[in-house]
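Encoded as structure tokens, the structure appears first; notes follow it.
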Amino acid sequence: MGADRESTGSGRAKALELAKRKYLAGERLDIGRLAQELGVNRVTLQRWVGTRDALIVEVVWPLTQATLDREWAKVESLPGPRVPPLVGGYLRANLFRGPAQRFLLEENERAMKIFTLASYGYQPRLVAAVRGYLEDDVRTGRITSRLSLDELAYATVRIAESYAYLPTITGQNPDPAGAERVLDAFLGGHS
């Protein structure tokens with residue numbers, strides 16, 4: 001039994017690494033092809049990583065956190081609320097550059113489902129991360145609000161999502177600048 005658990009952990013790690021490489025190369029994540037490349041069947045791969053949607057979340061979340069950290073470093077010394085430009089930068093990085101661009105533009109409806117429904121696990125992580133940045137802005141007096149940090153974080157993420165998924169919602173292009181403007185007004189900026 002212990003060897004099974006070890007092989008499952010090792011298999012999961014290998015599968016996630018392969019999926020990450022494929023995602024970063026702009027390839028579509030396909031469970032069947034990944035299983036074939038790993039030399040296992042689909043059932044084994046799904047036991048390791050879950051469904052395709054679950055795999056996408058596990059591949060994309062660490063990249064999201066890294067993007068947020070990079071964008072935070074860019075805005076950390078700005079005056080006023082820093083979360084609006086953080087979110088704008090995060091959306092621009094995901095919507096107009098790199099592998100996330102392909103996924104979000106080619107599979108916008110799927111991305112919207114995976115990344116906005118709490119049951120997939122991505123959205124709660126994003127809300128928690130944004131809450132941390134908001135907490136810093138509140139602590140340093142850059143944001144004052146009657147809303148709790150949890151409410152601010154949830155609303156901030158939902159506003160960002162509404163601008164990221166415009167192709168699915170309204171047929172319009174994604175609008176990071178619009179998200180940034182609305183968040184600046186929502187969080188008490190001066191734009």
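Residue 162 in UniProt numbering sits at position 162 of the sequence shown, and the numbers go up by one each step.
A virtual CB, placed ideally from N, CA and C, is assigned to each residue, including glycine.
For residue i and residue j, I'd like the C-alpha separation in whole angstroms.
i	j	result
L105	T144	35 Å
V157	L149	12 Å
D136	Q101	29 Å
L78	R142	10 Å
A111	F103	7 Å
E109	S10	32 Å
V40	V182	48 Å
P124	A153	10 Å
R146	V75	24 Å
R92	A179	10 Å
Q172	L166	5 Å
D184	L126	19 Å
How about residue i and residue j: are their beta carbons less than 8 Å apart?
i	j	result
Q65	A129	yes
L34	A54	no
Y163	W72	no
F186	A160	no
I31	L16	no
W61	Y122	yes
I114	V57	yes
Judging by CA-CA distance, which residue of the options is the nearest neighbour of residue i?
i	options	result
N94	G11, D184, D175 and G9	D175
P99	E151, K14, L63 and S119	L63
T140	P81, V75 and E107	P81
E107	T168, L126 and A179	T168
Should residue i go down as buried or exposed, given a rule of 16 or more other Cβ atoms within 10 Å for buried?
i	result
R131	buried
L117	exposed
G2	A caution first: G2 carries a pLDDT of 42, below 50, which makes its placement in the model too unreliable to give a value.
A177	exposed
A13	exposed
D69	exposed
Pairing CB atoms from the region 76–87 with CB atoms from the region 16–27, are three or more of them under 8 Å?
no
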